[in-house]
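Chains as they are written, first to last, in our numbering: chain D, 658 to 801; chain G, 658 to 801; chain S, 658 to 801; chain R, 658 to 801.
Cβ coordinates follow ideal geometry from the N, Cα and C atoms, glycine included.
As the structure is a computational prediction, the values presented were derived from the model and not from experiment.
Below: one structure, written as structure tokens.
This is the structure:
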């Protein structure tokens, strides 16, 4: 899967004193979209391998205010995958106007939750992050 | 310790579409005050005993809006301690006007985090929750 | 509309130190479900009338922990409508097990956002809150 | 004022599934520190001038996990002030270990909340943002 789309409706509790989506809240909306991006894999795939996503950098531009009742279309795609870290590009567009509201580059590492060590991104982990790994219910797992 | 006072300044990110502290956010402010209420005990006292506070009921009245720049004075006191649960009464007053903004009765149990069983509130646990337990740095622990 | 259903997937950012959905966060999930409950009405219906929902009491029972990956089915229904306030009953059930995770009675008033006065719940407002009001795009509005 | 210090104790509700302060929550802690940074000015100074802080970019590095019970020392200082935007550097250090937990460059503009136009940063506004403006209670306002 190259990219995914998550839709989020803006509610009263997302807003702050300026009546737009708060800067911190926007990172929650982007996190929601990242969980959704990898949701075609069952949590067990990560839990059983002891894999944890740990964000190391976020560079986010706030471009245009998202307001009450707006629907945000968040597009998430992997734009970089290195030996020890990877970067997802996330863009939140207001559906009614097509305006880009916020865009973030989110760089993360995969941690071995048992040893707390950063994992090299290769083999199955590489395939999972890049969406090439195919999980099947009967336990057999093949590349697409 | 019978009761404690926690002061919190209301910021732009605490507000919602109605420009007052959001109903869910208020519970975070009350939770902050509960952590503060038991802060004279070191976290290790709870961690070493495997004790976890688990809220089972909150009954909260929202009386008067808390606005940007208001300082809330949150008073927390134990008002009930039963065999298996206890209740903290929390009242948030706006310092400039003296008006009661919100008040909550928060009922919780103490969980043994290892067995996930609810603990009977007696002995040392009773003393801790009621504030009669005195923690000392040299390891000797006596009632006040 | 008598009752509505909102589904929410539990993510890593919903959890707290106890690895379950935090007590305050649960109120956000319930608020999300309330926005959804009245979503068949356009925001303009409320904005044009200057109507604001203001929560005056929440009584919430936390029954069973909601964990990472759980899907919550939140049922919202109006259970009481008085002269000046109304109460929504909200129940969050874990879809995989059918266990009730949390349940809240949320009592609110409708405020005239211009005068800041509590509105009597009658006429069109009564019909809207009770779901009997039918909004149509061509501007004609009839009871169902 | 060149720089300010804000101390925040990490509580159970700040943590997420990984038991560290969540990436979005960290932005709230930084926002808290920014409100505190300008708190020696009364809100009326901003309200009366119709000035609003609007964040346009945050570049945040997450360096070391902040855990339950940690105290964060957040240092905030203005590092850049341009014709239309300014940048605050914020560093959150864990007080017990001295380790840098997270650091952010937060770039913002000042908006005229009435016209929604970005204000040029000069004159009184320049002095306020750079901390050279001195607010006095009797209404006379002088540079330090």
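Cβ pair residue i, residue j closer than 8 Å
{"i": "residue 725/D", "j": "residue 733/D", "result": "no"}
{"i": "residue 761/S", "j": "residue 717/S", "result": "yes"}
{"i": "residue 678/S", "j": "residue 743/S", "result": "no"}
{"i": "residue 747/R", "j": "residue 731/R", "result": "yes"}
{"i": "residue 704/S", "j": "residue 763/S", "result": "no"}
{"i": "residue 686/D", "j": "residue 684/R", "result": "no"}
{"i": "residue 700/R", "j": "residue 792/R", "result": "no"}
{"i": "residue 719/R", "j": "residue 714/D", "result": "yes"}
{"i": "residue 769/R", "j": "residue 669/S", "result": "no"}
Neighbouring residues, chain S, relative to residue i (Cβ below 9 Å)
{"i": "residue 716/G", "result": "714, 715, 716 and 717"}
Rounded separation between residue i and residue j - CA only
{"i": "residue 693/S", "j": "residue 661/S", "result": "8 Å"}
{"i": "residue 788/D", "j": "residue 697/D", "result": "9 Å"}
{"i": "residue 767/G", "j": "residue 710/G", "result": "5 Å"}
{"i": "residue 778/R", "j": "residue 738/R", "result": "8 Å"}
{"i": "residue 665/S", "j": "residue 771/D", "result": "29 Å"}
{"i": "residue 782/R", "j": "residue 659/R", "result": "16 Å"}
{"i": "residue 671/G", "j": "residue 671/S", "result": "18 Å"}
{"i": "residue 663/D", "j": "residue 773/R", "result": "29 Å"}
{"i": "residue 667/G", "j": "residue 688/D", "result": "26 Å"}
{"i": "residue 749/S", "j": "residue 790/R", "result": "52 Å"}
{"i": "residue 752/S", "j": "residue 780/R", "result": "59 Å"}
Given residue i as reference, the closest of the options once Cα atoms are compared
{"i": "residue 728/S", "options": "762/S, 719/S, 710/S and 757/S", "result": "757/S"}
{"i": "residue 776/R", "options": "719/R, 735/R, 741/R and 764/R", "result": "741/R"}
{"i": "residue 759/D", "options": "681/D, 767/D and 790/D", "result": "681/D"}
{"i": "residue 754/D", "options": "714/D, 721/D and 764/D", "result": "721/D"}
{"i": "residue 736/R", "options": "765/R, 719/R, 708/R and 752/R", "result": "765/R"}
{"i": "residue 707/G", "options": "773/S, 675/S, 785/S and 702/S", "result": "675/S"}
{"i": "residue 785/G", "options": "702/G, 750/G and 772/G", "result": "702/G"}
Residues bridged to residue i [DSSP beta-bridge criterion]
{"i": "residue 692/R", "result": "Its beta-bridge partners do not exist; DSSP assigns none."}
{"i": "residue 685/R", "result": "Per DSSP, none; premise fails for residue 685/R."}
{"i": "residue 714/D", "result": "764/D and 718/R"}
{"i": "residue 678/G", "result": "672/G"}
{"i": "residue 748/S", "result": "732/S and 760/S"}
{"i": "residue 661/R", "result": "733/R"}
{"i": "residue 743/D", "result": "738/D and 765/D"}
{"i": "residue 709/R", "result": "768/R"}
{"i": "residue 792/G", "result": "Bridge partners of residue 792/G: none, in fact."}
{"i": "residue 775/R", "result": "768/R"}
{"i": "residue 666/S", "result": "728/S"}
Contacts that residue i makes with chain D (C-beta to C-beta distance below 8 Å)
{"i": "residue 708/S", "result": "Result: empty, since nearest Cβ-Cβ is about 13 Å, beyond 8 Å."}
{"i": "residue 736/R", "result": "By Cβ distance, chain D contributes nothing, its closest Cβ being about 17 Å from residue 736/R, past 8 Å."}
Under 7 Å from the C-beta of residue i: neighbouring residues of chain R
{"i": "residue 762/S", "result": "The contacting residues do not exist; residue 762/S stays about 23 Å from chain R at best."}
Amino acids of chain S, ordered along the chain, whose beta-carbon sits closer than 8 Å to that of residue i
{"i": "residue 613/R", "result": "A query on residue 613/R cannot be resolved here, the shown segment of chain R reaching from 658 to 801 and no further."}
{"i": "residue 675/R", "result": "669"}
Proximal chain R residues relative to residue i, where beta-carbon distance stays under 8 Å
{"i": "residue 811/G", "result": "What the structure shows of chain G is the stretch from 658 to 801, and residue 811/G is not part of that stretch, so it cannot be assessed."}
{"i": "residue 785/D", "result": "Going along chain R, no residue has its Cβ under 8 Å from residue 785/D, so there is no contact; the nearest lies around 18 Å."}
Per-residue contacts from residue i into chain G (C-beta, under 7 Å)
{"i": "residue 725/R", "result": "700"}
{"i": "residue 728/R", "result": "Result: empty, since nearest Cβ-Cβ is about 11 Å, beyond 7 Å."}
{"i": "residue 766/S", "result": "Those do not exist, as residue 766/S stays about 10 Å from chain G at its closest Cβ, beyond 7 Å."}
Partners in chain D for residue i, counting only beta-carbon separations shorter than 9 Å
{"i": "residue 745/R", "result": "Going along chain D, no residue has its Cβ under 9 Å from residue 745/R, so there is no contact; the nearest lies around 12 Å."}
Contact list for residue i against chain R, beta-carbon separation under 9 Å
{"i": "residue 681/S", "result": "670"}
Chain-ordered chain S contacts of residue i [CB-CB under 7 Å]
{"i": "residue 685/D", "result": "670"}
Under 8 Å by beta carbon: chain G residues contacting residue i
{"i": "residue 704/S", "result": "None at all; the shortest Cβ gap to chain G is about 11 Å."}
Chain C residues whose Cβ lies nearer than 9 Å to that of residue i
{"i": "residue 775/D", "result": "Absence of chain C from the displayed structure is noted, the protein chains being D, G, S and R."}
Residue i Cβ short of 7 Å to the ligand NAP heavy atom set
{"i": "residue 672/R", "result": "For the ligand NAP, the structure offers nothing, since it holds no ligand at all."}
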